[in-house]
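There are 2 protein chains.
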Amino acid sequence: MSQIVTLNDVAKSANVSKMTVSRVINHPEQVTDELKQLVFKAMNELDYHPNLAAKALAANATRIIKLVILEKVDTVEPYYATLLMGVAQFLNAHQYALQVVTQKNADIGECDGYIITGARNDDFTWIQELRKPVILYGENRHHYDFVDSDNKYGTFLSTGAAIKDGYDQIIFLGIELKESFEYSRERGYMDTMQKSGLQPQIIRFGNHSSESQQYIEDHWHEFKPNTCFVCSSDRLAIGVERGIQRMGGAIPEDFGITGFDGVFLDQIAEPKLTTVKQPVMAMGSKIAELLMQKINHGVTTNDQSPERDRTEVMFSPELIRRNTTRNYHLN
Amino acid sequence: MSQIVTLNDVAKSANVSKMTVSRVINHPEQVTDELKQLVFKAMNELDYHPNLAAKALAANATRIIKLVILEKVDTVEPYYATLLMGVAQFLNAHQYALQVVTQKNADIGECDGYIITGARNDDFTWIQELRKPVILYGENRHHYDFVDSDNKYGTFLSTGAAIKDGYDQIIFLGIELKESFEYSRERGYMDTMQKSGLQPQIIRFGNHSSESQQYIEDHWHEFKPNTCFVCSSDRLAIGVERGIQRMGGAIPEDFGITGFDGVFLDQIAEPKLTTVKQPVMAMGSKIAELLMQKINHGVTTNDQSPERDRTEVMFSPELIRRNTTRNYHLN
DNA sequence: CTAGCCGATGTTATCGGTAACAAGTTTGAC
DNA sequence: GTCAAACTTGTTACCGATAACATCGGCTAG
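Respectively, the protein sequence lines represent chains H and Z. Numbering-wise (our numbering), the first sequence opens with residue 1 and increments by one. Numbering-wise (our numbering), the second sequence opens with residue 1001 and increments by one.
Take a look at the structure:
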């Protein structure tokens, strides 16, 4: 029998008009403390929860945020799942609903804003057509607001750790992709190497463990003990780990490995990966928060004009020392 | 300037009342073909999309489905991400929005129904408190409607393959969990073994690759060549694979491995796992479909009385032969 | 002492749909 | 030929919340 509790119910119970109740919720400064107390009491007693649909309708909004995932579904890395949890958490707390879409069905139905993940350069042609505020997950060269982890700092951490651990040859295994995040990771490596007067070396692959493994096995004779492989993803790192094991190298004594991402894969590896962990959940929440700010500040378009202020939030990743680099007993 | 196109706009453009337009959408049989044509034309020209919020409000519904994920977030397997994509796909097509929640915040905000994944036995105490239709992902002994893959058939496939491939000792590595899915997988193994007059052997672990790896290494002397390890998850299978490799066993010549799930992990392994692949996306869509059926049939409660008809949908998994069992060159 | 203003609350109209009912038209039976 | 059932379409009210406007009382200034 538990009917839905409406503003009206609360209003009656508190002996005020429903407008007053609405104000207590949205513009509390306009209501006397006395009435506020009454209303709060009534709301608690009745266990009032606002009706999303009505709110949305009255505000000419949808209260729906679209989360666009631009990855082949069969590849959906746990990464995005974690990000999604972060987004969802914030959205739930602020009474927004979610619509998870891929590019194909991105345009069905209205929404108040977009969160876009995994955008590659060629996606921006359609992204700029969107008519609602957009926040991207990931650095980009297209002047879109974004949240990302500080990729350069990440490889600064991992490269620095490799150096401190005393490996004397440090090779970077990158992802063969002309995307900002990869550039930043490579730059973090390069800068750190140069600052230490070490000779950098970068090799790139598709982001698959089999490719990096193959590479290690094929070039095994080139690697002298005391080499560390700084990888641009945990996937590549896992491949390296397997390759070294296959060839009989000693991890971490003779060969070190650091990954990047710190979601799921690093734990699946054995020995567990030393990796640069991104605070993915927190980033998800932040993206949602930024988008909501934009929406609430009356930004209703998707304006990318260069003269406007661009919001960029960088999260500092963290080096997780585990068993593929030396002195993991420290930390 | 592109204002929102409403029912009213369409109505005016087609020279009918908005009720007629509404009927064309929801009860087309009540409208003459002639008018239907007019209305369709107007809808197309104006690019009409119904307003979810208004629909929801009028129907005293929310048009929101909660997807409850009962797993520690740091473990979120790619599994659930894939399932979510399936759910999302169906929901989008039918104009429902999604709310992704964990147990902690499951109760904030209204919704029209729940999809619950990863429910363990002790979750049912609060699940039965829910006041809206529920569909579970996963077999259960609590008389809830569910969708699952046919776990028993899955291990029938993998065990059968192991037998056909000529392995003469076949050991089942299961997950130490008193849950239906695990029982079914073990039963599929047991039945198949007995039918073939083979001696079954089951060992159980927590679902972590390190545990199965440890087991293989610790008991390595007990395993004679020509043994196949039928695993209850790809995680366990990966551990077995690593253990065998570490101990110098030959895969798949002397030792076979089959996994279970076929999401992500099976591809990360090297050699790639022979596994029982679940059609996870399709299952996700199906769950959403069942839930919507329930909602539209006016089921507004979460009735679990034993005398009502229970809906169970089982999807047949598929054996993917890859490189951890013999004759992978066939297929 | 009173006009005028401000701050606190209530009233009305509205968002975009849909159910329930009303009205108009056709059909069919006697 | 008449009347009622059946069918088609329009009208009204309402879902729950909010913005805009109306109202009321108290306070201040002249």
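In this text, a Cβ means the ideal position worked out from N, Cα and C, and glycines have one as well.
Quick one: what does DSSP say residue i is sitting in, helix, strand or coil?
| i | result |
| --- | --- |
| residue 48 of chain H | coil |
| residue 169 of chain H | strand |
| residue 154 of chain H | helix |
| residue 233 of chain H | coil |
| residue 114 of chain H | strand |
| residue 1249 of chain Z | coil |
| residue 217 of chain H | helix |
| residue 25 of chain H | helix |
| residue 89 of chain H | helix |
| residue 1061 of chain Z | coil |
| residue 69 of chain H | strand |
| residue 79 of chain H | helix |
| residue 294 of chain H | helix |
| residue 40 of chain H | helix |
| residue 199 of chain H | coil |
| residue 1329 of chain Z | Its pLDDT being 49, under 50, residue 1329 of chain Z is placed unreliably by the model, and the measurement read from it follows with that caveat. Reduced to three states, the DSSP call for residue 1329 of chain Z is coil. |
| residue 285 of chain H | helix |
| residue 132 of chain H | coil |
| residue 16 of chain H | coil |
| residue 181 of chain H | helix |
| residue 324 of chain H | coil |
| residue 11 of chain H | helix |
| residue 272 of chain H | coil |
| residue 1124 of chain Z | helix |
When you compare the CB of residue i with every CB in chain H, is at least one pair closer than 8 Å?
| i | result |
| --- | --- |
| residue 1001 of chain Z | Residue placement at residue 1001 of chain Z is flagged as unreliable, the pLDDT there being 47, under the threshold of 50; a coordinate-derived value is accordingly withheld. |
| residue 1085 of chain Z | yes |
| residue 1057 of chain Z | yes |
| residue 1202 of chain Z | no |
| residue 1046 of chain Z | no |
| residue 1319 of chain Z | no |
How would you label residue i, buried or exposed, when you count the other beta carbons within 10 angstroms and need 16 or more for buried?
| i | result |
| --- | --- |
| residue 1281 of chain Z | buried |
| residue 252 of chain H | buried |
| residue 1168 of chain Z | exposed |
| residue 1112 of chain Z | buried |
| residue 1184 of chain Z | buried |
| residue 1212 of chain Z | buried |
| residue 1110 of chain Z | buried |
| residue 1201 of chain Z | exposed |
| residue 1019 of chain Z | exposed |
| residue 1099 of chain Z | buried |
| residue 1004 of chain Z | exposed |
| residue 1257 of chain Z | buried |
| residue 154 of chain H | buried |
| residue 194 of chain H | exposed |
| residue 1225 of chain Z | exposed |
Does the beta carbon of residue i come closer than 8 Å to any beta carbon on chain Z?
| i | result |
| --- | --- |
| residue 242 of chain H | yes |
| residue 274 of chain H | no |
| residue 77 of chain H | yes |
| residue 117 of chain H | no |
| residue 238 of chain H | yes |
| residue 213 of chain H | yes |
If the cut is a Cβ gap below 8 Å, which residues of chain Z does residue i touch?
| i | result |
| --- | --- |
| residue 80 of chain H | 1081 |
| residue 105 of chain H | 1089, 1092, 1093 |
| residue 288 of chain H | Under the 8 Å cutoff, chain Z gives no residues; its nearest Cβ is about 12 Å from residue 288 of chain H. |
| residue 209 of chain H | 1268, 1270 |
Output, in chain order, the set of chain H residues within a Cβ distance shorter than 8 Å of residue i.
| i | result |
| --- | --- |
| residue 1248 of chain Z | Result: empty, since nearest Cβ-Cβ is about 11 Å, beyond 8 Å. |
| residue 1265 of chain Z | 268 |
Taking residue i as the query, report the chain H residues whose CB atoms sit under 7 Å from its CB, ordered along the chain.
| i | result |
| --- | --- |
| residue 1062 of chain Z | 52, 53 |
| residue 1097 of chain Z | 64, 97, 98, 99 |
By the criterion of Cβ-Cβ separation under 9 Å, what are the contact partners of residue i in chain Z?
| i | result |
| --- | --- |
| residue 49 of chain H | 1108, 1109, 1110 |
- Message: Within 8 Å, do at least three Cβ pairs link the region 235-253 of chain H to the region 279-294 of chain H?
- Response: Cβ pair count under 8 Å is below three, so no.
- Query: With contact counted as at least three CB pairs below 8 Å, one residue from each stretch, are the region 134-152 of chain H and the region 115-124 of chain H in contact?
  - Reply: Enough Cβ pairs lie closer than 8 Å, so yes.
- Item | Contact the region 38-57 of chain H vs the region 8-19 of chain H: 3+ CB pairs below 8 Å | Under the 8 Å Cβ criterion, the region 38-57 of chain H counts as touching the region 8-19 of chain H, having at least three qualifying pairs.
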